[in-house]
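Going down the list, the protein sequences come from chains C and Y.
Position one of the first sequence corresponds to residue 20 (the working numbering), numbered consecutively onward.
Position one of the second sequence corresponds to residue 20 (the working numbering), numbered consecutively onward.
Glycine is no exception: its CB is placed at the ideal position from the N, C-alpha and C atoms.
Number of protein chains: 2
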Amino acid sequence: MDTALFTADGGRLVTYVVPLTRGPLNGKWAFPGGLVRTGEMLDDAARRELYAATGLCDAYLEQLFTFGDPSRDPVAHVVSVAYMALARERGLIAPPSGGYPEGRWFEVSALPPLAYDHGLMAEYALKRLKAKVEYTNIAYALLPREFTFAELEELYAAILGRPVDRRNFRRRIMAMGLLARQPGERRGAHRPAALYTFKQQSLQTVEML
Amino acid sequence: MDTALFTADGGRLVTYVVPLTRGPLNGKWAFPGGLVRTGEMLDDAARRELYAATGLCDAYLEQLFTFGDPSRDPVAHVVSVAYMALARERGLIAPPSGGYPEGRWFEVSALPPLAYDHGLMAEYALKRLKAKVEYTNIAYALLPREFTFAELEELYAAILGRPVDRRNFRRRIMAMGLLARQPGERRGAHRPAALYTFKQQSLQTVEML
DNA sequence: CCAAAAGTGTTGGCTCTACACCCATGA
DNA sequence: TCATGGGTGTAGAGCCAACACTTTTGG
Numbered sequence: 020m021d022t023a024l025f026t027a028d029g030g031r032l033v034t035y036v037v038p039l040t041r042g043p044l045n046g047k048w049a050f051p052g053g054l055v056r057t058g059e060m061l062d063d064a065a066r067r068e069l070y071a072a073t074g075l076c077d078a079y080l081e082q083l084f085t086f087g088d089p090s091r092d093p094v095a096h097v098v099s100v101a102y103m104a105l106a107r108e109r110g111l112i113a114p115p116s117g118g119y120p121e122g123r124w125f126e127v128s129a130l131p132p133l134a135y136d137h138g139l140m141a142e143y144a145l146k147r148l149k150a151k152v153e154y155t156n157i158a159y160a161l162l163p164r165e166f167t168f169a170e171l172e173e174l175y176a177a178i179l180g181r182p183v184d185r186r187n188f189r190r191r192i193m194a195m196g197l198l199a200r201q202p203g204e205r206r207g208a209h210r211p212a213a214l215y216t217f218k219q220q221s222l223q224t225v226e227m228l
Numbered sequence: 020m021d022t023a024l025f026t027a028d029g030g031r032l033v034t035y036v037v038p039l040t041r042g043p044l045n046g047k048w049a050f051p052g053g054l055v056r057t058g059e060m061l062d063d064a065a066r067r068e069l070y071a072a073t074g075l076c077d078a079y080l081e082q083l084f085t086f087g088d089p090s091r092d093p094v095a096h097v098v099s100v101a102y103m104a105l106a107r108e109r110g111l112i113a114p115p116s117g118g119y120p121e122g123r124w125f126e127v128s129a130l131p132p133l134a135y136d137h138g139l140m141a142e143y144a145l146k147r148l149k150a151k152v153e154y155t156n157i158a159y160a161l162l163p164r165e166f167t168f169a170e171l172e173e174l175y176a177a178i179l180g181r182p183v184d185r186r187n188f189r190r191r192i193m194a195m196g197l198l199a200r201q202p203g204e205r206r207g208a209h210r211p212a213a214l215y216t217f218k219q220q221s222l223q224t225v226e227m228l
C-alpha cells in the first residue's frame, strides 16, 4: 500500500516523497506506504498511512492499481495497492511523531528516480489525474477552497503538461457548471481577480453524452 | 484474485460464472478466482486460474480494481485483485480436470446475484469495457478473427447497452483505422456480408487529441 | 418476385479552436 | 502613466447526429 500525494503549489503540481531509512534501498526516495492490517479496509489503511507520513487527514484518496511483480521489492514478494492522494496545502506537512522521516516535495516534471516501481506509480497517477481533470471537478482537492481563475488555469496547465487558452478554458469550465462565484476578490499588485470555489467539495462527474 | 470473463455470443455479451462448492456461500454463483502464489506475477496468477477454471489460455487480461473490504468474504479478510478477461469463443470452455466445477454463461443484462462483491466487480468490468470500446480496438479480443460489420455493430450495441446507428457507426470505426478488409464474404440466407478483421491483434489505443 | 440483411451520403446544428484587445489596479 | 495581470467575443472549420433508400442474394 503506497500513496502518491499531490498538491498544487503556485501553479506547479508537486508530489511528496520520503527517503527510505532501511533495507538495501536505504536513502532512495519513495512514496509513503505501509502494510494493511487484518480486518482493515484498504482505503482506511491508505488514509492511516498517509496520516502517519504527513499528518494529513482529509485528503482525497483514490485507488490506482495493484503492483505485484515479485521482483519489485528486492527483499520479499510484496504486493502493493497504489493510491493517489490529493491535498489542498503544501504546508502543514508534519509527521505526527512516529518513525516517519521528513519528506520532500518535487515538481512532477522533475522527479528524482524512485525506489521500487514507484516511478511507474507516479506515471500511472498522473495519467489518471490528467484524464479526470477533463470531466470531473477533481481539482477541488488540489486547490484551496477559494481560488482565482488564473490559479485554476495554471493548475490545469501543469497537470496537462501544456499551455491552455485562457478564453476557451474559461468557457469550458463554466459550461461544466462546477464553479460558484465567491464574494470578495483577490487583491494583488494589479487588477483584482474574482474568487471562485467548487460548488461540490466531493468528486462530481460531468456527463458529456 | 478473481476474473470476470466475457465473450460475444451472437450479438450478446455474456459472462462466465461458476458455482461455489464449499463454504457458507455454497451454491452461489461467483467469478472464477484463486490465490496468488509467492513469487508469482499477479497477471500470471490470473492467467493460471483462468486456465484452471476454463481451459482458456490466450484470453485478453486486464487488471480492474482491488477489493479489500474485510467483510466481503464472511470467512476471512481476503483482499482480491479483480481482473477482466475477454475471450473469442463461447465454446471450448472445459476445465482441464482439476477440482473446478463447470460454470455457466449469463448474458450481462441478466446476471443472477453473485457471491461476495462480485456484483460490484461485474459493474466495474462493464464500465471499463464500455469506456475502452470507444477509443481502442479492444473488441478484437471478444470477436472471432473474422467478422462482419453487422456482428461488430451488434457487439457494440450490447456493450454500450443502446442501439447504434449503422451508418454513423461504420464511419466512426473506419475513421479509427483499426480494421482491415478480409478476402471472402460471409454467405447466409441473404446478401453476403464483407468480412473484416482487426489489423492489430493486441490492444491499440486511438489518439483523439 | 419477395423477404431479409448489407451497404451507402447529405445536411444542419453544434462545438471547438484560434486569435487580440480593453480593463482595473497599484506603484 | 505605465506595467501587469484580469477579463472578454467572434468567425471559420470540423465533427456529430439524424435520417431512408438502393443493392444483393436466397428461397
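Integer Cβ distance of residue i from residue j, believed to fall under 8 Å
{"i": "Leu-69(C)", "j": "Arg-107(C)", "result": "Wrong, their Cβ atoms sit about 14 Å apart, outside the cutoff."}
{"i": "Val-33(C)", "j": "Glu-121(C)", "result": "Going by Cβ atoms, the distance from Val-33(C) to Glu-121(C) rounds to 15 Å, so no, they are not a contact pair."}
{"i": "Tyr-154(C)", "j": "Met-227(C)", "result": "6 Å"}
{"i": "Thr-22(C)", "j": "Tyr-119(C)", "result": "That pair is no contact at about 13 Å."}
{"i": "Gly-58(Y)", "j": "Met-20(Y)", "result": "That belief does not hold up - the Cβ atoms of Gly-58(Y) and Met-20(Y) are roughly 15 Å apart, past 8 Å."}
{"i": "Ala-65(C)", "j": "Leu-83(C)", "result": "Actually they are not in contact, since the Cβ atoms of Ala-65(C) and Leu-83(C) sit about 10 Å apart, beyond 8 Å."}
{"i": "Arg-123(Y)", "j": "Val-36(Y)", "result": "6 Å"}
{"i": "Leu-54(C)", "j": "Asn-45(C)", "result": "In fact, because the Cβ distance is near 19 Å, the residues do not count as touching under 8 Å."}
{"i": "Ala-72(Y)", "j": "Pro-132(Y)", "result": "Between Pro-132(Y) and Ala-72(Y) the Cβ distance is about 20 Å, and since that is not below 8 Å, they are no contact."}
{"i": "Thr-253(Y)", "j": "Thr-85(C)", "result": "As shown, chain Y starts at 20 and ends at 228. That puts residue 253(Y) outside it, with no answer to give."}
First through last residue of the alpha helix (DSSP H) which encompasses residue i
{"i": "Thr-73(Y)", "result": "61–73"}
{"i": "Ala-194(C)", "result": "185–195"}
{"i": "Leu-174(C)", "result": "168–179"}
Residue i to residue j span [Cα, whole Å]
{"i": "Ala-49(C)", "j": "Pro-43(C)", "result": "13 Å"}
{"i": "Ala-158(C)", "j": "Ala-104(Y)", "result": "33 Å"}
{"i": "Ser-90(C)", "j": "Arg-190(Y)", "result": "46 Å"}
{"i": "Thr-167(C)", "j": "Lys-47(C)", "result": "37 Å"}
{"i": "Phe-25(C)", "j": "His-209(C)", "result": "30 Å"}
{"i": "Val-183(C)", "j": "Leu-171(C)", "result": "11 Å"}
{"i": "Gln-220(Y)", "j": "Leu-198(Y)", "result": "11 Å"}
{"i": "Ser-99(C)", "j": "Glu-165(C)", "result": "35 Å"}
{"i": "Leu-130(C)", "j": "Ala-213(C)", "result": "33 Å"}
{"i": "Ala-194(Y)", "j": "Arg-200(C)", "result": "41 Å"}
{"i": "Lys-151(C)", "j": "Glu-142(C)", "result": "14 Å"}
{"i": "Ser-128(Y)", "j": "Pro-211(C)", "result": "55 Å"}
{"i": "Ala-177(C)", "j": "Gly-203(C)", "result": "26 Å"}
{"i": "Leu-222(C)", "j": "Asn-156(C)", "result": "6 Å"}
{"i": "Leu-148(Y)", "j": "Gly-30(C)", "result": "35 Å"}
{"i": "Tyr-175(Y)", "j": "Arg-67(C)", "result": "42 Å"}
{"i": "Met-140(Y)", "j": "Asp-92(C)", "result": "28 Å"}
{"i": "Ala-169(C)", "j": "Arg-186(C)", "result": "11 Å"}
{"i": "Leu-75(Y)", "j": "Ile-112(Y)", "result": "7 Å"}
{"i": "Asp-88(C)", "j": "Ala-134(C)", "result": "14 Å"}
{"i": "Leu-145(Y)", "j": "Ser-116(C)", "result": "44 Å"}
{"i": "Ala-78(C)", "j": "Ala-95(C)", "result": "30 Å"}
{"i": "Asp-28(Y)", "j": "Gly-180(Y)", "result": "15 Å"}
Check: residue i C-beta below 7 Å from any heavy atom of the ligand ATP
{"i": "Glu-165(Y)", "result": "This structure simply doesn't include the ligand ATP, nor any ligand for that matter."}
Limits of the unbroken beta strand (DSSP E) element including residue i
{"i": "Phe-217(Y)", "result": "212–217"}
{"i": "Val-33(C)", "result": "31–38"}
{"i": "Gln-201(C)", "result": "198–205"}
{"i": "Thr-22(Y)", "result": "21–28"}
Worksheet item: At which residue ranges does the stretch 68–154 of chain Y contain complete beta strand (DSSP E) runs of 3 or more residues, listed in the order of the chain?
Response: Counting whole runs of 3 or more residues, the stretch 68–154 of chain Y contains the beta strand (DSSP E) stretches 79–86, 99–105, 123–126.
Discussion item. Can you pull out the residues from the stretch 94–112 of chain Y whose beta carbon lies closer than 8 Å to at least one beta carbon of chain C?
Written reply: Against chain C - using a Cβ distance shorter than 8 Å - the residues of the stretch 94–112 of chain Y are His-96, Val-98, Val-100.
Discussion item. Closer than 7 Å between beta carbons: that is the criterion. Which residues of the stretch 74–96 of chain Y meet it against chain C?
Written reply: Flagged, chain order: Gln-82, Phe-84, Thr-85, Gly-87, Asp-88, Pro-89, His-96.
Worksheet item: According to a CB-to-CB cut-off of less than 7 Å, which residues of the stretch 187–198 of chain C neighbour chain Y?
Response: Contacts with chain Y (Cβ-Cβ distance below 7 Å) from the stretch 187–198 of chain C involve no residue at all.
Worksheet item: What residues in the stretch 57–68 of chain C bring their beta carbon closer than 7 Å to a beta carbon of chain Y?
Response: Among the residues of the stretch 57–68 of chain C, those with a Cβ less than 7 Å away from any Cβ of chain Y are Thr-57, Gly-58, Glu-59, Met-60, Leu-61, in the order of the chain.
Worksheet item: Going along the stretch 131–153 of chain Y in order, which residues come within less than 9 Å of chain C, judged by CB to CB distance?
Response: Using a CB distance below 9 Å, no part of the stretch 131–153 of chain Y faces chain C.
Fill in: Residues of the stretch 171–184 of chain Y with Cβ closer than 8 Å to any Cβ of chain C, in chain order
Look at the stretch 171–184 of chain Y: it has no residue with a C-beta under 8 Å from a C-beta of chain C.
Worksheet item: Any residues in the stretch 28–59 of chain Y with a beta carbon nearer than 8 Å to a beta carbon of chain C? Which ones, in chain order?
Response: Per Cβ criterion, the list reads Val-55, Thr-57, Gly-58, Glu-59.
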